[in-house]
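*Asks:*
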Amino acid sequence: MTVGFCVKGSDSAEFLADILPRLGLSFREANEFIIYWLPVLEANPYNLISFPVEEYSKAVKLTVEPEPDTVIRVYMVYKPLEEPVEIAPQEIVTPVREGFTVVEWGGGIAG
Numbered sequence: 085m086t087v088g089f090c091v092k093g094s095d096s097a098e099f100l101a102d103i104l105p106r107l108g109l110s111f112r113e114a115n116e117f118i119i120y121w122l123p124v125l126e127a128n129p130y131n132l133i134s135f136p137v138e139e140y141s142k143a144v145k146l147t148v149e150p151e152p153d154t155v156i157r158v159y160m161v162y163k164p165l166e167e168p169v170e171i172a173p174q175e176i177v178t179p180v181r182e183g184f185t186v187v188e189w190g191g192g193i194a195g
């Protein structure tokens, strides 16, 4: 990861509650994401977190019929850390929801 966020495990809920709406998730969608990922992230002293939106969309194709007006794909990559590290902050671009919107979210550990 060259850009992202270094987040203390105990600060994960606050971080996700702030960043997920900026990535385009509704309150309900963000809440589901947090419920799933919070126990994983809180178990680590620190996490290096990135959301490779463009890279993920290029690597993992998605086909939906009928074609949606808006597609929001949030994929989180994290790396557990014992100590904090410096990383250039990731720039977040908030998508605009218009019409029929498809939302996909997920994540995985950095390899």
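For the sequence shown, the working numbering gives the first residue as 85, with consecutive numbering after it.
Where a beta carbon is used, it is the ideal one built from N, C-alpha and C, also for glycine.
Since the model is a prediction, treat every value here as computed from it, not as a measurement.
Measuring alpha carbon to alpha carbon, tell me which of E138, V87, P179 and W121 ends up nearest I193.
*Replies:* W121
*Asks:* Mark V148 as exposed unless 16 or more other C-beta atoms lie within 10 angstroms of its C-beta, in which case mark it buried.
*Replies:* exposed
*Asks:* Between Y162 and M85, what straight-line distance do the alpha-carbon atoms span, to the nearest angstrom?
*Replies:* Cα to Cα, the separation comes out at about 9 Å.
*Asks:* What would DSSP say about F89, mapped onto helix, strand or coil?
*Replies:* The three-state secondary structure of F89, taken from DSSP, is strand.
*Asks:* For the beta strand (DSSP E) containing E188, list its first residue and its last residue.
*Replies:* T185 to I193
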